[in-house]
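Participant: Those sequence lines, one after another, are chains C and W. Residue numbers for the first sequence follow our numbering, beginning at 18 and rising by one. Residue numbers for the second sequence follow our numbering, beginning at 18 and rising by one. For every residue, glycine included, the Cβ atom is placed at its ideal position computed from N, Cα and C. After the structure tokens below, expect a handful of questions from me.
2 protein chains.
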Amino acid sequence: MKISEGVEWGAHCLVLLAVLPADAALPTGRLAEYHGVPSAYLAKHLQAMSRTGLLESVPGARGGYRLARPATEITMLDVVEAIDGTTPAFRCTEIRRNGPAAVPAREYRLPCSIHAVMDRADAAWRAELASVSIADLVAMVGEKASPEALRKGAAWLVGALG
Amino acid sequence: MKISEGVEWGAHCLVLLAVLPADAALPTGRLAEYHGVPSAYLAKHLQAMSRTGLLESVPGARGGYRLARPATEITMLDVVEAIDGTTPAFRCTEIRRNGPAAVPAREYRLPCSIHAVMDRADAAWRAELASVSIADLVAMVGEKASPEALRKGAAWLVGALG
DNA sequence: ACTATCCGGATATATGACATCCGGGATGAA
DNA sequence: TTCATCCCGGATGTCATATATCCGGATAGT
Chain C
18 MKISEGVEWG
28 AHCLVLLAVL
38 PADAALPTGR
48 LAEYHGVPSA
58 YLAKHLQAMS
68 RTGLLESVPG
78 ARGGYRLARP
88 ATEITMLDVV
98 EAIDGTTPAF
108 RCTEIRRNGP
118 AAVPAREYRL
128 PCSIHAVMDR
138 ADAAWRAELA
148 SVSIADLVAM
158 VGEKASPEAL
168 RKGAAWLVGA
178 LG
Chain W
18 MKISEGVEWG
28 AHCLVLLAVL
38 PADAALPTGR
48 LAEYHGVPSA
58 YLAKHLQAMS
68 RTGLLESVPG
78 ARGGYRLARP
88 ATEITMLDVV
98 EAIDGTTPAF
108 RCTEIRRNGP
118 AAVPAREYRL
128 PCSIHAVMDR
138 ADAAWRAELA
148 SVSIADLVAM
158 VGEKASPEAL
168 RKGAAWLVGA
178 LG
């Protein structure tokens, strides 16, 4: 089991965009440069977040991306679902309907018990992700990051936005 | 994100083995036949569960697999970890150390906030899985399955064990 | 001895993740 | 108007992993 690397990139981008002045936007190239990741591929994930309404794209010269709504209203679950999709990790192939114990399809009214358990675990995972917003992450990073790193990041932002 | 199909197979096999008389074992071929899955591939997953101590293998003619401990003491988390591995779904690539805001490695004492959030969600998922035992699943299946399916399954078992 | 079975390794194939590129369209600046 | 950016979607290529199979060696019943 494995989550796409793009989720990490997307989350970091959202955190960076969350500390920008209102209405300011950063283009794909700048976001890629800041995080040291390939620009062409990051674009794919930014487009995905734009499609699901997390980011707003500003076309044209001096355009870029900015948050589509306040950072308090974007959760980590939104990011994961935008980039990794909403398909549950477990897919029941209904193997109970195979083999010698199989009965006609209409008998399988109730969902497979194993399926149900996996779905509950999936729901718990998503609930945990939904409880954390991008704004929460901004606060955490502000507390944890070294002053030096914060200073360098801010200095770069001034250059990128100017 | 996606869980190996083998987890479903493994869980169903454990449930079937849990209803066997004590000390009775079923070989790979029978387990595969009962669930309608390829025997050679199922063997891989059974071996994995054997290595992690969920199953006990009985070598030699008329051997097979049986539970290594009571069904009440085998959880769904055990199954998932045996077959899908214990590696967390999210892997932090520390992209905060890239780009213009990077500082010397010794400055990154505290874990990445995004990483921390993903780990908490992963823990919630595992906790949910750990709260359900194979014995619980046997009970659920007993309640939910159609009497007809249970009868056919039992009949097949009598033949397979005889 | 013979047969049935587990076990590990080697191998083949398919699926999806990762990564890049290009053409089209939209926007603002010159 | 013209031009330089920039977003967007599709096509493409590469690579890692999941899926699936097979074989030889070891082991235990008959």
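Count Cβ pairs between the stretch 104 to 112 of chain C and the stretch 78 to 86 of chain C that sit closer than 8 Å; are there 3 or more?
Facilitator: Short answer: they don't touch.
Participant: At what residues does the beta strand (DSSP E) containing Arg-68 of chain W begin and finish?
Facilitator: Position 51 of the second sequence holds residue 68 of chain W. It is not in any beta strand (DSSP E) - Arg-68 of chain W instead sits in the alpha helix (DSSP H) that spans 56 to 68.
Participant: Could you check whether the Cβ of Pro-117 of chain W sits closer than 8 Å to any Cβ belonging to chain C?
Facilitator: As a working note, residue 117 of chain W is residue 100 in the second sequence. Closer than 8 Å to some Cβ of chain C, the Cβ of Pro-117 of chain W qualifies, so yes.
Participant: By a C-beta neighbour count over all protein chains shown, 10 Å radius and 16 as the cutoff for buried, is Tyr-51 of chain W buried or exposed?
Facilitator: For the purposes of this step, residue 51 of chain W is identified with residue 34 of the second sequence, where counting begins at 1. Burial call: buried.
Participant: Pull up the DSSP beta-bridge partners for Glu-73 of chain C, would you.
Facilitator: For the purposes of this step, residue 73 of chain C is taken as the residue at position 56 of the first sequence. In DSSP, Glu-73 of chain C forms a bridge with C:Arg-83.
Participant: Measure the Cβ-Cβ separation of Leu-146 of chain W and Ser-130 of chain C and say whether it is below 8 Å.
Facilitator: Along the second sequence, read from residue 1 onward, the residue named residue 146 of chain W stands at position 129. Along the first sequence, read from residue 1 onward, the residue named residue 130 of chain C stands at position 113. In this structure, Ser-130 of chain C does not lie closer than 8 Å to Leu-146 of chain W by Cβ.
Participant: By a C-beta neighbour count over all protein chains shown, 10 Å radius and 16 as the cutoff for buried, is Gly-159 of chain C buried or exposed?
Facilitator: Here residue 159 of chain C refers to the residue found at position 142 of the first sequence. When all chains shown are included, Gly-159 of chain C counts as exposed.
Participant: Can you give me the C-alpha to C-alpha distance between Leu-178 of chain W and Ala-41 of chain W, rounded to a whole angstrom?
Facilitator: For the purposes of this step, residue 178 of chain W is taken as residue 161 along the second sequence, with counting starting at 1. For the purposes of this step, residue 41 of chain W is taken as residue 24 along the second sequence, with counting starting at 1. When rounded, the distance between both Cα atoms is 8 Å.
Participant: Pop quiz: Leu-72 of chain C and Ala-85 of chain C are said to be a contact at Cβ under 8 Å. What is the actual Cβ separation, rounded to whole angstroms?
Facilitator: Here the question's residue 72 of chain C lines up with position 55 in the first sequence. Here the question's residue 85 of chain C lines up with position 68 in the first sequence. Sure, about 6 Å apart at Cβ, within 8 Å.
Participant: Give a yes or no on whether the minimum CB-CB distance between Ser-150 of chain W and chain C is below 8 Å.
Facilitator: Taking the second sequence and counting its residues from 1, the one referred to as residue 150 of chain W is at position 133. No, Ser-150 of chain W lies away from the interface with chain C (no Cβ there is under 8 Å from its Cβ).
Participant: Could you tell me whether the Cβ of Ile-100 of chain W comes closer than 8 Å to any Cβ of chain C?
Facilitator: As a first step, residue 100 of chain W must be located in the second sequence, where it is residue number 83. Taking Cβ atoms only, chain C never reaches closer than 8 Å to Ile-100 of chain W, which makes this a no.
Participant: Just curious, the alpha helix (DSSP H) that Met-157 of chain W is in, first and last residue?
Facilitator: Within the second sequence, the letter at position 140 stands for residue 157 of chain W. Element bounds for Met-157 of chain W: 151 to 161.
Participant: Could you run through the stretch 45 to 70 of chain W and flag, in chain order, every residue whose CB is less than 7 Å away from some CB of chain C?
Facilitator: Correct list: Glu-50, Tyr-51, His-52, Gly-53, Val-54.
Participant: Tell me whether the beta-carbon of Ala-152 of chain W lies closer than 8 Å to the beta-carbon of Thr-89 of chain W.
Facilitator: For the purposes of this step, residue 152 of chain W is identified with residue 135 of the second sequence, where counting begins at 1. For the purposes of this step, residue 89 of chain W is identified with residue 72 of the second sequence, where counting begins at 1. The answer is yes: Cβ separation under 8 Å.
Participant: According to DSSP, simplified to helix, strand and coil, what is Thr-110 of chain C?
Facilitator: Walking along the first sequence from the start, residue 110 of chain C turns up at place 93. Looking at Thr-110 of chain C - three-state DSSP - the assignment turns out to be coil, as it is neither helix nor strand.
Participant: Would you mind telling me which residues of chain C sit closer than 8 Å to Thr-110 of chain W, beta carbon to beta carbon, in chain order?
Facilitator: For the purposes of this step, residue 110 of chain W is taken as the residue at position 93 of the second sequence. Those within 8 Å of Thr-110 of chain W in chain C are Glu-22, Glu-25.
Participant: Who are Leu-37 of chain W's beta bridge partners in DSSP?
Facilitator: Taking the first residue of the second sequence as position 1, residue 37 of chain W is located at position 20. Partner(s): none; Leu-37 of chain W has no beta bridge.
Participant: Could you tell me whether the Cβ of Ile-131 of chain C comes closer than 8 Å to any Cβ of chain W?
Facilitator: For the purposes of this step, residue 131 of chain C is taken as the residue at position 114 of the first sequence. So yes, Ile-131 of chain C belongs to the interface.
Participant: Am I right that Lys-5 of chain C and Ala-118 of chain W are in contact with their C-beta atoms under 8 Å? What's the rounded C-beta distance?
Facilitator: Chain C is shown only over 18 to 179; residue 5 of chain C falls outside these bounds and no answer can be derived.
Participant: What residue range is occupied by the uninterrupted alpha helix (DSSP H) comprising Thr-45 of chain C?
Facilitator: Locating residue 45 of chain C in the first sequence gives position 28, where the first residue counts as 1. Note, Thr-45 of chain C: alpha helix (DSSP H), 45 to 52.
Participant: Which residue's Cα is closest to the Cα of Ala-57 of chain C: C:Met-66, C:Ser-67, C:Thr-45?
Facilitator: Position 40 of the first sequence, counted from the first residue, corresponds to residue 57 of chain C. Comparing Cα positions, the closest option is C:Thr-45.
Participant: Given His-62 of chain C, which residues of its chain have a CB within under 7 Å of its CB, disregarding the five upstream and five downstream residues?
Facilitator: Looking up residue 62 of chain C in the first sequence gives position 45. Only Gly-23, Trp-26, Gly-27, Ile-100 meet the Cβ criterion.
Participant: Starting from Leu-154 of chain W, find everything on chain C with Cβ-Cβ shorter than 9 Å and list it in chain order.
Facilitator: What you label residue 154 of chain W is simply residue 137 of the second sequence in a count that begins at 1. Ser-130, Ile-131, Val-134, listed in chain order.
Participant: So Gly-53 of chain C and Gly-116 of chain W are in contact, right, with Cβ under 8 Å, and what is the actual spacing, rounded?
Facilitator: Walking along the first sequence from the start, residue 53 of chain C turns up at place 36. Walking along the second sequence from the start, residue 116 of chain W turns up at place 99. Indeed they touch by this definition, with Cβ atoms about 4 Å apart.
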